[in-house]
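Notes follow the structure.
In my numbering, the protein residues as written are 214 to 291.
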């Protein structure tokens with residue numbers, strides 16, 4: 214066993230979780246947001262667009278650590 218273990222998720226785990234979040238989590242989140250916005254009376258298009266953009270940013274912020282560095286080569290590979 215190596216003496217240095219990095220805290221947090223490994224590169225492979227981050228790649229897998231990012232796929233799960235993008236393929237499962239994002240569509241579920243989109244359906245939930247559209248459903249909630251449709252429960253309200255339809256706001257003006259500019260306000261609706263602003264709400265969708267803001268909620269899109271809010272969705273990504275908690276998962277920023279999962280997506281960081283996923284598109285690069287595996288740093289643990291030598």
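Quick reminder that beta carbons are idealized off the backbone N, C-alpha and C, glycines included.
As the structure is a prediction and not an experimental result, all values here were calculated from the model.
Rounded C-alpha distance that separates residue i from residue j
i: residue 269; j: residue 285; result: 24 Å
i: residue 223; j: residue 272; result: 22 Å
i: residue 246; j: residue 221; result: 30 Å
i: residue 242; j: residue 234; result: 10 Å
i: residue 263; j: residue 237; result: 24 Å
i: residue 267; j: residue 290; result: 37 Å
Cβ neighbour criterion (16 or more within 10 Å) applied to residue i
i: residue 249; result: exposed
i: residue 279; result: buried
Residue from the options with nearest C-alpha to residue i
i: residue 232; options: 287, 290 and 276; result: 276
Helix, strand or coil at residue i according to DSSP, with G and I counted as helix
i: residue 261; result: helix
Does the region 264–284 come within contact of the region 226–246, defined as at least 3 CB pairs closer than 8 Å? The region 264–284 vs the region 226–246: in contact.
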